[in-house]
Amino acid sequence: MTSTVHRTCPLCEAVCGLTLTLDDGGHVTSVRGDKDDPFSKGFICPKGASLGRLDEDPDRLRKPLIREGELWREVGWDEAFEAVRAGLERVADRRSIAVYLGNPNAHTMAGALYATPLIKALGTRNVFSASTADQMPKHVASGLMFGHPLAIPVPDLDRTDYLLMLGANPLESNGSLCTAPDFPGRLKALRGRGGRLVVVDPRRTRTAALADEHVFVRPGTDAYLLFGIVHTLFAEDLARPAHEVNGLDEVREAAKHFPPEAVARRTGVPAETITRLARELAAAPTAAVYARIGTCTAEFGTLAQWLVDVLNVLTGNLDRPGGAMFPKPATEFGGRRRPYAVGRWKSRVRGLPEANGELPVATLADEIETPGEGQVRFLLTIAGNPVLSAPHGARLDAAFRELDFMVSVDPYLNETTKHANVILPPPRVLQSGHYDFALLGFAVRNYARYSPPLLPLDERPSEAQILARLAMIASGLEGDLDAFVIDELLRKATETPGSGVEGREVAELRDLLEGETGGERRLDLMLRLGPYGEWAGKGDLSLRKLLDHPHGLDLGALEPRLGEVLKTASGLVELAPPQLMEDVERLRGKLEEEPPEIVLIGRRHLRSNNSWMHNVGPLVGGSNRCTLQIHPSDVARLGLAGEAVVRSAKGQVTVPVEVTDTIMPGVVSLPHGWGHAGSAQNVAAEHAGVSVNTLTDETTIDVPSGNAVFNGVPVTISPTGVIIAH
Ligand SMILES: Nc1nc2c(c(=O)[nH]1)N[C@H]1C(S)=C(S)[C@@H](COP(=O)(O)OP(=O)(O)OC[C@H]3O[C@@H](n4cnc5c(=O)[nH]c(N)nc54)[C@H](O)[C@@H]3O)O[C@H]1N2
Ligand SMILES: Nc1nc2c(c(=O)[nH]1)N[C@H]1C(S)=C(S)[C@@H](COP(=O)(O)OP(=O)(O)OC[C@H]3O[C@@H](n4cnc5c(=O)[nH]c(N)nc54)[C@H](O)[C@@H]3O)O[C@H]1N2
Ligand code: SF4
Ligand SMILES: [Mo]
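Residue numbering for the sequence shown follows full-length UniProt numbering, beginning at 1 and increasing consecutively.
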């Protein structure tokens, strides 16, 4: 007997619906795209198709592990939690605790609902996450321009006439900060309806190959290119904001320093191309500018993210159909916020500013290594592998050895968790409920889907229960965390004018909530209070309704809503926030700088996902390999063959050379997340590769956001066997 079940794929930001068949033993016998999902309509990629393999990987941990020296011991859950309690009891000063939250927290209900209360319970400001190795520049730019770090407009993919895409490769990544299942199909549809797609990337990627035009750009120079376009819009009197904004004159003045002729040399993009792109953007009936990781993890990441939306504003495309629009997620709760600010506190050692309540992961090693009051001695990692993923991860590898105590919540024993004293593994994916709290806020159509657990929990706690129990241990409190959070949110809602439940009784509302778990009840509450919720008065959404629609609910095309989204003190879009104008000076200062002879950038592969999907046979090997992409002219000039040695200020690696004319001369590319030599994961160890983050530099950051810089890293390259004197 087999059963057919449906759930959302938790593996990337595309949130595809999957249809799985399970045998009696709960084993996955097939995975297909769910053709009844109104958003993904049956789309699936090779990773989604491997969900069963990944979920039943024999190397996944099934029981907690405690490390004794070099040896690991499987233990029961109570013993594991007791060990954590004992470790925490030895912490005299809570400032010596640090937390690192990895990327999969954006893909689990546990991460969305329990990480924040857990951090509160730990009582530390040493909060680090993959966000400062990723999209923090976008949060900071949005926070300063729109007043909220999550007010991130997405391209209205299905309706736009013109898409200018920089530093993104959705044919491999399936999209990011732009939730769009079947991104490739949506791009083809754009072209099919006569629209135009322009891709800006130092590599001719598969996305670039699909586009109408591919523009090569020198790594790390997107802010110059975008300023050149802004300059042209003003110079040719093409700027037509559709809303009243603050700071238009300041932006016009600043752009004067970046005429296309001046930025052409720095960016490698001809001045005529820059002016033409400006004219095309202005002339298109609707247009959107979208930029992602290639432009974020760069020296001027925040300026680039800001200029993207400056262009969306200046071309009149912000907040209109076909332009760049703000999604309306079903769990959005319109509580009032303090004005957005960065740098409310600084990191202890390097004095780097906090952003969104986090410190840059680029300074985690400093905080562990540097003695003094508040030195980090205790680390909790949840769903993260910073040894491979953080800038100069090799330094963290050494730093983690020096900690007094480390706890990891992770299904694998890997490069990071091997340093832990206790590893707490979450159960199988199919034993977990799923709702995309974060990602549905960036969806190109408003949509909601809840997937209840498909398999019962055995003796293992859910990841939500793991995090909740850690929070209870850390706070020393007893009781039900979910009940506490629910009452707190209900109290706020009943006190908020216009919330739909103003003046009602907390106890009465609490009793109305449905759900099998605390997490489900919290989801129910958020749905009911959200913009489509039965309590907010504009719809009838609740957990019950989502359970009645197992393939998901289409909530309609994006609609203009700038007024609701804006949270700036002025009530207007701030086009020239002072902090960013200050950083423009830094940009100006480097306009004439001679670029290094060779710079390193990253890349992603469809069958990979950061550092943790390399233990599934069908996903590794073939073209998914850790090779150095390099242009034939550089290969000839440097006399390379077979393997090459790549050196940076921070380290060196030896890698196979992959000669390709799809990359610019003077630019080389290595994917991240590799470097599994000696791994306890057997398949990954056979396809070890090297870690590009041996080469990246934690001392170079994007100043306003503290974000890591992975693109544009200066390197030298030589044939193997050649000894270079230093
Ligand atoms: N298959 C797969 N999917 C993934 C992931 C994965 O590892 N594998 N990771 C997930 C995560 S965590 C994220 S954040 C997203 C990221 O999603 P995307 O942003 O789409 O990421 P990439 O595919 O790395 O595309 C980035 C592109 O930027 C280019 N680039 C590098 N430097 C520069 C530069 O200076 N300027 C410009 N203009 N371009 C540059 C690179 O050549 C590359 O093609 O993908 C997610 N999806
Ligand atoms: N050079 C370079 N470095 C990069 C990037 C780059 O482009 N270039 N990209 C950066 C980006 S965008 C990101 S997001 C980061 C990612 O960096 P991280 O988030 O730190 O690392 P991942 O490789 O995603 O590791 C995820 C971990 O979560 C575990 N895991 C998987 N599923 C679950 C789950 O359900 N629960 C729990 N508790 N754990 C789980 C995995 O076993 C693994 O240990 O890497 C960054 N690093
Ligand atoms: S595109 Fe992403 S969400 Fe869709 S099946 Fe692939 S990994 Fe899963
Ligand atoms: Mo990411």
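Where is the CB? At the ideal position from N, CA and C, for every residue including glycine. Please read all numbers here as calculations on a predicted model, not as lab measurements.
Option nearest residue i by Cα separation, candidates the options
i           : options                        : result
GLY374      : LEU22, ALA86, ALA98, LEU525    : ALA98
VAL659      : ALA644, VAL653, ALA649, GLY673 : ALA644
ASN610      : GLY384, ALA235, VAL199         : GLY384
SER669      : GLY228, GLY539, VAL501, ILE601 : ILE601
LEU439      : ARG85, VAL584, GLU495, MET109  : MET109
ALA448      : PRO456, LEU457, LEU454, ASP436 : ASP436
GLY48       : PHE333, GLY69, SER96, SER173   : SER173
PRO241      : GLY503, ALA636, ALA92, GLY323  : GLY323
LEU562      : GLU686, PRO327, GLU505, GLY712 : PRO327
CYS696      : GLY673, PRO704, SER705, GLU261 : Note on identity: in this sequence residue 696 is Thr, with Cys being the wrong assignment. Looking at the Cα atoms, GLY673 is the closest of the given residues.
GLU574      : ALA471, GLY343, TRP306, LEU558 : TRP306
GLU495      : LEU413, LYS41, THR370, GLY334  : GLY334
SER623      : GLY192, MET136, HIS605, VAL616 : HIS605
CYS16       : THR2, HIS27, ASP37             : ASP37
TRP535      : LEU558, PRO560, LEU490         : LEU490
residue 728 : ILE293, ASP161, PRO427         : No answer is possible for residue 728: it lies beyond the span of the chain, which begins at 1 and ends at 726.
VAL140      : GLY357, ALA483, LYS418         : GLY357
ALA168      : PRO202, ALA223, ILE486, ASP548 : PRO202
ASN414      : ALA688, TYR290, GLY76, ARG32   : ALA688
ALA133      : SER648, ASP548, ALA362         : ALA362
THR662      : SER648, GLN629, ARG637         : GLN629
ALA420      : THR700, ASP397, SER176, MET581 : ASP397
CYS9        : ALA121, SER432, GLY228         : SER432
ALA180      : ASP249, ILE44, GLU68           : ILE44
Cross-strand partners of residue i (DSSP beta bridge)
i      : result
PHE146 : Bridge partners of PHE146: none, in fact.
PHE128 : TYR100
GLN681 : None, per the DSSP bridge assignment.
ASP554 : TYR447
MET109 : Paired residue(s): none; MET109 is not in a bridge.
ILE382 : LEU101, VAL409
ARG73  : ILE66
VAL646 : VAL653, ILE717
MET325 : VAL154
THR21  : THR4, SER30
ASN246 : GLU574
VAL140 : Per DSSP, none; premise fails for VAL140.
ILE630 : VAL659
VAL599 : VAL667, PRO714
Coil, strand or helix - residue i by DSSP
i      : result
MET165 : strand
PRO560 : coil
THR2   : strand
GLU13  : coil
TYR290 : strand
GLU585 : helix
ILE152 : coil
VAL713 : strand
SER611 : coil
HIS27  : coil
ALA725 : Legend: pLDDT at ALA725 = 46, less than 50; position of this residue unreliable, value from coordinates given subsequently. Coil, per DSSP.
GLU261 : helix
ARG234 : The sequence shown places Phe at residue 234, rather than the Arg named in the question. DSSP places PHE234 in helix when its eight states are reduced to three.
THR8   : strand
ARG90  : coil
ARG62  : coil
ALA341 : coil
ARG348 : coil
LYS312 : The sequence as given places Asn at residue 312; Lys does not occur at that position. Looking at ASN312 - three-state DSSP - the assignment turns out to be helix.
GLU272 : helix
(message) Just to confirm the assignment: which complete alpha helix (DSSP H) runs, minimum length 4, are found wholly within the stretch 385 to 421?
(response) 386 to 389, 393 to 401
(message) Closer than 6 Å between the C-beta and any heavy atom of ligand 3: which residues qualify, listed along the chain?
(response) CYS9, LEU11, CYS12, ALA14, VAL15, CYS16, ILE44, CYS45, LYS47, GLY48, ASN174, PRO181
(message) My parser needs the alpha helix (DSSP H) runs of 4 or more residues fully inside the stretch 422 to 488; what are they?
(response) 463 to 475
(request) Mind listing, in chain order, the continuous beta strand (DSSP E) runs of no fewer than 3 residues lying wholly within the stretch 173 to 223? (result) 196 to 200, 213 to 215
(message) Quick check on the DSSP output: what are the complete alpha helix (DSSP H) runs of length 4 or more inside the stretch 650 to 709, in order along the chain?
(response) 682 to 686
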